[in-house]
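Enquirer: Position 67 (the sequence shown) corresponds to 97 in the numbering used here; numbering is contiguous. Ideal Cβ placement from N, Cα and C applies to all residues, glycine included.
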Amino acid sequence: MAQNSDRELVVLLQQGDLEALGALYDKHHTLVFRSILGITNDVETAADVTQDVFLRLYRFADRVDPGRPLEPWLYRVAVNQANSWLRRRNRWRRVLEEMAGWLSPSSKPSPEAQAERQDEWRWVGEAVACLPATQRAVVVLYYVNDLSVREIAEVLGIPQGTVKSRLHYGRISLKKRLGLVDERPVGVQYEAT
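1. Alpha carbon to alpha carbon, what distance is there between V185 and E38?
2. Is N110 close to chain B, meaning its C-beta is less than 9 angstroms from at least one C-beta of that chain?
3. Are G209 and V169 touching if we call contact CB-CB under 9 angstroms?
4. When you compare the CB positions of V94 and Q44, do they come within less than 9 angstroms of one another, or not?
5. Could you pull out every unbroken alpha helix (DSSP H) segment of at least 4 residues lying fully inside the stretch 97-122, listed in chain order?
6. Between R89 and K194, what straight-line distance do the alpha-carbon atoms span, to the nearest angstrom?
7. How far does the alpha helix (DSSP H) with L224 in it extend, from its first residue to its last?
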């Protein structure tokens, strides 16, 4: 059943076929999990919320249009569920160390390189965790899930201009937190000493 298209699987799911749900889970759970992990910064929570997303897919299958791509629907539900978790638990400052494992290449670097990479991910993760939830969701969908501005707008149900604005301000905030931007006013000339 895994070879079926999302459209066919959604139709089967709407008819009550639980194997179709399993096939959709197998096909999409990694992307959903990574999206949620990028927002919650908590592996256990990301796993729980991923299960909730697919439970919602089962419960609300009749509301899913089989003629439209399923991934934007899954991303939208994943982002909404992750943000709901953040509001309930208010645990925004956890480190993204576990995400580094998902994104790292399969080859094993030296222990020193692993330690350095973990420090870098901790540093980046802390910076991402400090972003407002609206900017964090856009940054994660853009950089972690490699979605386009148009796709993010569809997933979050917001205009593309809003996505661009949140991405822009998120980048500025990250650059400042990571010390990658000069704090001097623009247009001011400084003499070399």
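Expert: So, to answer that:
1. Your numbering for residue 38 matches position 8 in the sequence shown. Your numbering for residue 185 matches position 155 in the sequence shown. If you draw a straight line from the Cα of E38 to the Cα of V185, it is about 21 angstroms long.
2. The chain inventory of the structure shown lacks chain B, comprising one protein chain alone.
3. Taking the sequence shown and counting its residues from 1, the one referred to as residue 209 is at position 179. Taking the sequence shown and counting its residues from 1, the one referred to as residue 169 is at position 139. No, the Cβ-Cβ distance between G209 and V169 is not below 9 angstroms.
4. Translated into positions along the sequence shown, residue 94 becomes position 64. Translated into positions along the sequence shown, residue 44 becomes position 14. In this structure, Q44 lies closer than 9 angstroms to V94 by Cβ.
5. You should have 100-119.
6. Start at 1 with the first residue of the sequence shown, and residue 89 comes out as number 59. Start at 1 with the first residue of the sequence shown, and residue 194 comes out as number 164. Taking C-alpha positions only, R89 is separated from K194 by approximately 33 angstroms.
7. Summary: the structure shown does not reach residue 224, with the chain confined to residues 31 through 223, and so no result is reported for it.
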